[in-house]
Amino acid sequence: MTDSTQNTTHFGFQTVNEGEKAGMVHGVFTRVASKYDIMNDLMSLGIHRLWKDAMMNWLAPRPGQHLLDMAGGTGDVAFRFLGRAPGATATVCDMTESMLTEGQKRAEAENLASRLEWVEADAMALPFADNSYDVFTMSFGIRNVTRISDVLAEAFRVLRPGGRLMVLEFSQLPNPALQWLYDRYSFNVIPPLGALVAKDRDSYQYLVESIRKFPDQEAFARMIRAAGFGQVKYRNLSMGIAALHSGWKI
Amino acid sequence: MTAEKPLHDRHMLEALVCPLTHAVLRYDAEAQELISLPAGLAYPIRGGVPILLPDEARRLD
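If you're matching them up, the sequences are chains A and B in order. For what it's worth, our numbering labels the leading residue of the first sequence as 821, then goes sequentially. For what it's worth, our numbering labels the leading residue of the second sequence as 1377, then goes sequentially.
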């Protein structure tokens, strides 16, 4: 590789220069923000709620913990966490202003205001001190970043020793026949649904392509170990349509 | 937005660091900015949300 070669990354199935991806992803989420929750419900038939509950069950939030929910946009994970852990606090961090605005509009945001903070920042360059959080979560966000390893390194840095990482993300079905069926559903149903509900076919085309491009369970687990985390484990949700990955800063 | 920010907001703002340099930020309540001297950047606070993105920051002269 020469100095003049630009590094590339994926934007769905397209290969783009690293410098371009963030702006393209930002565009997608700015466009879909107001319909994001309803589209998640439609795309997953409401199952994303069960996945987030499964995330909380494994995470077992404890009173007084300090959570950083990255790409937490509409607050789904933070609200659940605070609901389960008295006296816990949460920072909801997202790169897209309109996603945070949607989250702040939700009723829970008002009720939990004294335990919540909202920050707009990039997962690859976090504005938080080393060793400052007990828990780092990211749900359906990490496949959208330009360099996954940079996000994991930042998560490791801001977690205190003994802190825990948990990532919820779409994954791959281990069964090829089911994966085939799921691909048919993804590529034939979701973009038209996006066109219908959110008036934005291209953004949803990106979403399904980005899901297919994300590393599978084992590959992503290896990346988490490479970032320094220990006790790295994963659990499949809905046969691997999504997966939860857990790691500890030990 | 009220001029008087709740206490927890102040604590939150003081806990933030510059994403580029990890330097402590100075909170300018009047301008609603967070100043990073080492990076030469002023990060805006809009609608009570601090925006710690260098692309969104104002360059200090």
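Don't be surprised by glycine CBs; every beta carbon is placed ideally from N, CA and C.
| Query | Result |
| --- | --- |
| Specify, as a first and last residue, the run of the beta strand (DSSP E) that A1418/B falls within. | L1417 to R1422 |
| Confirm, please, whether the CB-CB distance from A880/A to L972/A is below 7 angstroms. | no |
| I need the boundaries of the beta strand (DSSP E) containing E989/A, first residue and last residue. | L979 to F990 |
| Would DSSP call L1436/B helix, strand or coil? | coil |
| Buried or exposed for F899/A, going by 16 or more other Cβ atoms inside 10 Å? | buried |
| From the DSSP output, read off the bridge partner residues of E1409/B. | D1404/B and P1420/B |
| Identify every run of the alpha helix (DSSP H) within the stretch 845-933 of chain A, keeping only runs that are complete inside it and at least 4 residues long; order them along the chain. | 856-864, 867-879, 896-904, 917-925 and 927-931 |
| From the beta carbon of I1421/B, is the nearest beta carbon of chain A less than 7 angstroms away? | no |
| Taking only beta-carbon atoms, is I1411/B less than 7 angstroms away from chain A? | no |
| Closer than 8 angstroms by beta-carbon distance: list the chain A residues that pair up with A1391/B, in chain order. | F948, A949 and S952 |
| Look up R967/A in the DSSP assignment and say whether it is helix, strand or coil. | coil |
| Check whether the Cβ atoms of Q1408/B and I1427/B lie closer than 7 angstroms to each other. | no |
| Which residues does DSSP list as the beta-bridge partners of M958/A? | M890/A and V987/A |
| Within 10 Å of its beta-carbon, does L998/A have 16 or more other beta-carbons around it, so buried, or fewer, so exposed? | exposed |
| Can you pull the chain A residues whose beta carbon is under 7 angstroms from the beta carbon of L1396/B, in chain order? | A945 |
| Evaluate contact between the stretch 986-993 of chain A and the stretch 1056-1067 of chain A, counting only Cβ atoms and requiring at least three cross-stretch pairs below 8 angstroms. | yes |
| Ends of the beta strand (DSSP E) at L1064/A? | A1062 to W1068 |
| Where does D942/A sit, in a helix, a strand or coil, going by DSSP? | strand |
| Where DSSP assigns a beta bridge to T828/A, which residues make up the other side? | N837/A |
| Going by C-alpha to C-alpha distance, which of G1424/B, E1406/B and L1410/B sits closest to P1395/B? | L1410/B |
| Cα separation between L1392/B and H1398/B? | 9 angstroms |
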